[in-house]
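Numbering (my numbering), first residue to last: 10 to 321. What follows is a single structure, written as structure tokens, with notes after it.
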């Protein structure tokens with residue numbers, strides 16, 4: 010998932026650049042606000058060099074950003090649960106009894122909660138992923154499994170909806186997710202000529218210097234682009250469409266029915282290093298969204314502290 014990794018790395022760079030430009034010791038919440046529409050599909054990586062070089066940062070309303078292992082603002086129990094999950098062993102190994110799983114459109118949209126779901130890849134998790142995504146508690150790439158990002162998203166959703174954050178997909182949590190849904194979680198999508206046309210790159214070099222010489226950091230294949238467009242893991246997209254060629258306009262495939270609009274304006278961004286999560290808060294210090302995030306590394310660590318976003 011090169012594109013997702015690059016986006017995560019870009020987040021770290023953006024936060025670092027903003028941080029060094031405008032450190033502040035002001036209160037975490039700022040009375041000014043910034044409207045934050047989210048574009049879909051994610052296309053910034055397809056911007057040509059000439060266009061990218063002409064982009065000028067515009068002044069933005071003051072939004073506070075914290076990058077920390079232990080943020081000054083109270084992020085609530087969800088971040089504590091997520092940090093504990095981050096340090097725990099992986100949870101994706103299948104433990105449920107071996108049963109034949111149906112990945113049809115109907116089975117995905119009618120999947121229902123049951124006791125002892127188990128660990129692994131199941132339609133109930135696939136439906137939960139889309140419901141979490143649409144409730145602004147992103148599980149990351151939708152893949153129908155119960156990995157760490159899924160459990161962290163559940164914890165965030167629970168906090169945002171007045172439930173005790175545990176990271177567990179309880180019946181109470183499931184019912185709250187279902188109550189917010191106004192559309193099917195999966196739909197049929199028709200591949201278009203534009204999808205096939207691209208542009209696409211033959212490959213993306215790992216060397217950043219070579220990447221800088223490219224006309225654009227395009228997707229390398231149709232399935233990669235469609236995965237990004239519908240927030241899906243590329244392998245899971247193929248799993249749901251085993252007979253699809255992804256080479257013909259007019260071909261119908263099953264995709265996640267996702268949306269990207271945030272419910273209200275953002276006043277505080279917390280990049281939580283320990284939880285590996287990005288938390289967004291409104292003017293009332295209430296969490297309104299969360300996303301998985303790779304924040305720095307041992308080679309290129311992100312700064313720690315409270316900063317004001319002064320340009321986008």
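We put the beta carbon where it would ideally sit given N, CA and C, even for glycine.
Using the rule of at least 16 other Cβ atoms within 10 Å of the residue's Cβ for burial, across every protein chain shown, is residue 188 buried or exposed? Counting from 1 along the chain shown, the entry for residue 188 is found at position 179. Around the Cβ of residue 188, a 10 Å sphere holds fewer than 16 other Cβ atoms; the residue is exposed.
Residues near residue 247 in its chain [Cβ-Cβ closer than 7 Å; skip 5 each side]: Counting from one through the chain shown, the residue named residue 247 turns up at place 238. Result list for residue 247: 232, in chain order.
Whole runs of the beta strand (DSSP E) within the region 146–234, excluding any shorter than 3 residues: Taken in chain order, the unbroken stretches of beta strand (DSSP E) that lie wholly in the region 146–234 and span 3 residues or more are 195–199.
Other residues of its chain near residue 190: CB distance less than 8 Å, five sequence neighbours each side excluded: Translated into the one-based positions of the chain shown, residue 190 becomes position 181. 140 and 143.
Taking only three categories from DSSP, how would you classify residue 51? Taking the chain shown and counting its residues from 1, one reaches residue 51 at position 42. With a pLDDT of 36 at residue 51, under the threshold of 50, the predicted position of this residue should be treated as unreliable, and no value is reported.
With DSSP run on the structure shown, which of helix, strand or coil describes residue 117? Within the chain shown, the letter at position 108 stands for residue 117. Under the three-state reduction of DSSP, residue 117 is assigned to helix.
Using beta-carbon positions only, say whether residue 178 and residue 200 come within less than 8 Å of one another. Position 169 of the chain shown, counting from 1, holds the residue named residue 178. Position 191 of the chain shown, counting from 1, holds the residue named residue 200. No. Outside cutoff.
With burial defined as no fewer than 16 other Cβ atoms inside 10 Å of the residue's Cβ, what is the status of residue 206: buried or exposed? If you number the chain shown from 1, residue 206 lands on position 197. Residue burial annotation: residue 206 is exposed, with fewer than 16 other C-beta atoms found within 10 angstroms of its C-beta.
Once the 5 residues before and after residue 29 are set aside, which same chain residues still bring their CB inside 6 Å of it? By 1-based counting over the chain shown, the position of residue 29 is 20. Any reading at residue 29 is ruled out, since the residue's pLDDT is 32, under 50, leaving its predicted position unreliable.
Pop quiz: residue 167 and residue 87 are said to be a contact at Cβ under 8 Å. What is the actual Cβ separation, rounded to whole angstroms? Here residue 167 refers to the residue found at position 158 when the chain shown is read from its first residue. Here residue 87 refers to the residue found at position 78 when the chain shown is read from its first residue. With a Cβ gap of about 7 Å, residue 167 and residue 87 count as contacting.
From 127, 291 and 263, residue whose alpha carbon lies closest to that of residue 115: To locate residue 115, count along the chain shown from 1; it is residue 106. Cα-wise, what sits closest to residue 115 is 263.
Within 10 angstroms of the Cβ of residue 296, are there 16 or more other Cβ atoms? Answer buried if so, exposed if not. In the chain shown, counting from the first residue as 1, residue 296 sits at position 287. Per the 10 Å Cβ criterion, buried.
Just how far apart, CA to CA, sit residue 209 and residue 94? Here residue 209 refers to the residue found at position 200 when the chain shown is read from its first residue. Here residue 94 refers to the residue found at position 85 when the chain shown is read from its first residue. Going from the Cα of residue 209 to the Cα of residue 94 covers about 37 Å.
Per DSSP, what kind of secondary structure is residue 92 in: helix, strand or coil? As a working mapping, residue 92 is identified with position 83 in the chain shown. Helix.
Can you tell me where the alpha helix (DSSP H) with residue 139 in it begins and where it stops? Taking the chain shown and counting its residues from 1, one reaches residue 139 at position 130. Its alpha helix (DSSP H) spans residues 132–143.
Buried versus exposed call for residue 310 [16 or more other C-beta atoms within 10 Å across all chains shown]: For the purposes of this step, residue 310 is taken as the residue at position 301 of the chain shown. That one is exposed.
What residues in its chain sit with their C-beta under 8 Å from that of residue 109, if we drop five residues either side in the sequence? Position 100 of the chain shown, counted from the first residue, corresponds to residue 109. For residue 109, there are no CB contacts under 8 Å within the same chain when 5 residues up- and downstream are skipped.
As a quick exercise: from 284, 294 and 279, pick the residue whose alpha carbon is nearest that of residue 314. As a working mapping, residue 314 is identified with position 305 in the chain shown. Among 284, 294 and 279, the Cα nearest to that of residue 314 is on 279.
Taking residue 345 as part of the alpha helix (DSSP H), name the residues at either end of that continuous run. With the chain covering only 10 through 321, there is no way to say anything about residue 345.
Should residue 297 be flagged as near chain B, meaning a C-beta pair shorter than 8 Å? This model lacks chain B altogether; it includes just one protein chain.
Might you give, ordered along the chain, the residues of its own chain that have their beta carbon closer than 6 Å to the beta carbon of residue 84, omitting 5 neighbours on each side? Taking the chain shown and counting its residues from 1, one reaches residue 84 at position 75. Same-chain partners within the cutoff: 279 and 288.
In whole angstroms, what separates the C-alpha of residue 352 from that of residue 268? Examination of residue 352 is not possible in this model, given that the chain is present from 10 through 321 alone.
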